Ligand SMILES: Nc1ncnc2c1ncn2[C@@H]1O[C@H](COP(=O)(O)OP(=O)(O)OP(=O)(O)O)[C@@H](O)[C@H]1O
Ligand SMILES: Nc1ncnc2c1ncn2[C@@H]1O[C@H](COP(=O)(O)OP(=O)(O)OP(=O)(O)O)[C@@H](O)[C@H]1O
Ligand SMILES: [Mg+2]
Ligand SMILES: [Mg+2]
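Protein chains in written order, with our numbering: chain A, 1 to 224; chain B, 1001 to 1224.
As structure tokens, then:
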């Protein structure tokens, strides 16, 4: 499903060089659930953004479904994301002017689906927000906004889910429910999941855990 | 330092009524470190916002240093926050157009301090970001942005610190360092700290833990 070949990302600002990701090579099989752990600033979000085409690597190649993305234009990534990739951003990126229901419906509307209502209500209910569909992000708590972001990333049943700290603003009980939801849907639909987390108990739900430190990963990781 | 007398906050939107905070009475002594825990959506952020005057209660009174704030105008709260209250928001509220250093300096500049540099560098170093002062929030990781927000809230040595999930985007090691920093500074300066958290290990650093559920607190809480 996903293969990284010597992927690096370097930010240069005047004299200072920040090596956010350094020579990461990794393979994630179809249907696998991979957790990435690592200290604050170690490169987790940068790596997820590179895999989802939200940022371009300085070196190396991101191979999705056997196809190199090295020559991808912006429009190629947009189409791939729309059809096969769901993303839960670390700070949600919900559209403030839309209601929770409209935010969740967006991936389906962008694919031209005429009747997204039923699927949207299912996803809102699955994350415990059945009766909050009419509220805008500013009227929801931090954890409720995060759950809307999770519902939005799952609504179009993407082949690949990239989730950046999907339970960071949740209490442990609701956090467990959300991870079990992601895991159940992934098993049912054969989805591949790559998630970044600071929580040990979330990482232990994965098939494999990789550790990042200063932009590089420690080999193939360990069985969770 | 802080006394809440039957404080409630109700949001009304057409037919739906959301009781975010319901009849909370609580006293926090000067120099005390209080932790508030509770499920996602239970009212933690709303309560902190009411204590800091970032929102107005529907009923009840927020008493700070023995003075009722019932008659406070916007300008009174602004002055009180500028002089005596520091806030770490759940989603940071950093100014995107300013560097990390400028964001941290802001509370001092607003008080008319001419030479904030030395104190600003101390705070950036204290949160582990000594060499990132020139970067803007968009160039920092989630956890790094959170640490800038903590440094900004501490820089003017406020009498009262309100911190909403101050370690939510940090790994456990850096999270522990930040809480110990807050605790040490509070002990040295006699500061009162009220923090909301989903992390048991953070809450255990406090003097007392109060639980919120559906907008109300469970009495006086327990000794941590
Ligand atoms: N403007 C608003 N209109 C309607 N409801 C609101 C508004 N602001 C907050 N709420 C609701 O009030 C309740 C309490 O929200 P609050 O942000 O205080 O929760 P919290 O304990 O901080 O949760 P979290 O741990 O998820 O951050 C939530 O159910 C939220 O949806
Ligand atoms: N535009 C940028 N310019 C300079 N440095 C950057 C930029 N974006 C990210 N970085 C740096 O790259 C490093 C990796 O950042 P990244 O966001 O991937 O970390 P992370 O592992 O997700 O951390 P966290 O757990 O705090 O969210 C950080 O030190 C960050 O400051
Ligand atoms: Mg991150
Ligand atoms: Mg909150």
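By construction, the Cβ of each residue, glycine as well, lies at the ideal position given by its N, Cα and C atoms.
Please read these numbers as outputs of a predicted model, since none were measured by experiment.
#### Entry: Residues that residue 183 of chain A bridges to, as DSSP identifies them
Residue 183 of chain A pairs with nothing; no bridge assigned.
### Query
Below 8 Å between beta carbons: does that hold for residue 175 of chain A and residue 1169 of chain B?
Taking 8 Å as the cut-off, the beta carbon of residue 175 of chain A is found no closer than this to the beta carbon of residue 1169 of chain B.
### Message
I'd like to know if the segment 89-97 of chain A and the segment 141-152 of chain A are in contact, where contact means that at least 3 CB-CB pairs between them fall below 8 Å.
### Response
Short answer: they touch.
### Query
Between residue 1185 of chain B and residue 1154 of chain B, is the Cβ-Cβ spacing less than 8 Å?
Their beta carbons are under 8 Å apart, which means residue 1185 of chain B touches residue 1154 of chain B by this criterion.
### Task
Would you list, in chain order, the members of the segment 1032-1050 of chain B that have their beta-carbon closer than 9 Å to a beta-carbon of chain A?
Answer set for the segment 1032-1050 of chain B: 1037, 1038, 1039, 1040, 1041, 1042, 1043, 1044, 1045, 1046.
### Query
Using CA coordinates, which residue listed in A/192, A/106, A/178 is at the minimum distance from residue 201 of chain A?
Of the candidates A/192, A/106, A/178, the one whose C-alpha sits nearest the C-alpha of residue 201 of chain A is A/178.
### Task
Under 8 Å by Cβ, that's how I've got residue 1100 of chain B and residue 1129 of chain B pegged, so tell me the actual separation to the nearest angstrom.
Correct: roughly 6 Å between the Cβ atoms.
### Task
Kindly examine ligand 4 and report whether one of its heavy atoms sits closer than 7 Å to the Cβ of residue 145 of chain A.
Checking the Cβ of residue 145 of chain A against ligand 4 gives no.
### Residues that residue 169 of chain A contacts on chain B, provided the C-beta gap is smaller than 8 Å
Under the 8 Å cutoff, chain B gives 1040, 1090, 1165, 1168, 1198.
### Query
Using the beta-carbon of each residue, which ones in chain A are nearer than 7 Å to residue 1173 of chain B?
The contacting residues are 39.
### Query
Would you call the segment 1109-1119 of chain B and the segment 1054-1067 of chain B in contact, with 3 or more CB pairs under 8 Å?
The segment 1109-1119 of chain B, when compared against the segment 1054-1067 of chain B, does not touch it at the 8 Å Cβ threshold.
#### Entry: Buried or exposed by the 16-neighbour rule on C-beta atoms within 10 Å, applied to residue 1038 of chain B
Classification for residue 1038 of chain B: buried.
### Task
Indicate the three-state DSSP secondary structure (helix, strand or coil) for residue 1155 of chain B in the structure shown.
Residue 1155 of chain B: coil per DSSP, three-state reduction.
### Query
Do three or more CB pairs link the segment 1216-1224 of chain B to the segment 1063-1073 of chain B at distances below 8 Å?
Short answer: they don't touch.
### Query
Residues of chain B with CB under 9 Å from residue 139 of chain A, in chain order?
Here the neighbours are 1011, 1013, 1018.
### Message
Helix, strand or coil, according to DSSP, for residue 117 of chain A in the structure here?
### Response
DSSP places residue 117 of chain A in helix when its eight states are reduced to three.
### Query
Taking Cβ to Cβ, would you say residue 1087 of chain B is nearer than 8 Å to residue 1105 of chain B?
The beta carbons of residue 1087 of chain B and residue 1105 of chain B sit no closer together than 8 Å.
### Query
How is residue 146 of chain A classed by DSSP in three states: helix, strand or coil?
In this structure, DSSP gives residue 146 of chain A a helical state, which the three-state scheme calls helix.
### Message
Please state the DSSP three-state secondary structure of residue 46 of chain A.
### Response
Helix.
### Task
Check whether the Cβ atoms of residue 1192 of chain B and residue 1163 of chain B sit closer than 8 Å, and answer yes or no.
Cβ distance not < 8 Å, so residue 1192 of chain B and residue 1163 of chain B don't count as in contact.
### Query
chain A beta carbons: is any one of them nearer than 8 Å to that of residue 1204 of chain B?
Closer than 8 Å: no.
### Message
Which residues does DSSP list as the beta-bridge partners of residue 1037 of chain B?
### Response
Partner residues in the beta bridge of residue 1037 of chain B, as assigned by DSSP, are B/1211.
### Task
Drop a sphere of 10 angstroms on the beta-carbon of residue 16 of chain A, count the other beta-carbons inside from all chains shown, and report buried for 16 or more, exposed for fewer.
So residue 16 of chain A ends up on the exposed side.
### Query
At a cut-off of 7 Å, is residue 45 of chain A close to ligand 3 when judged by its beta-carbon and the heavy atoms of the ligand?
Yes - ligand 3 has a heavy atom lying nearer than 7 Å to the Cβ of residue 45 of chain A.
### Query
For the segment 1200-1217 of chain B against the segment 1036-1052 of chain B, are there 3 or more C-beta pairs whose distance is under 8 Å?
Flag = yes, the segment 1200-1217 of chain B and the segment 1036-1052 of chain B touch.
### Query
Would a C-beta distance cut-off of 8 Å place residue 48 of chain A and residue 25 of chain A closer than the cut-off?
When the beta-carbon positions are compared, residue 48 of chain A and residue 25 of chain A stay at least 8 Å from each other.
### Task
Give the range of the alpha helix (DSSP H) segment to which residue 1104 of chain B is assigned.
Its alpha helix (DSSP H) spans residues 1100-1110.
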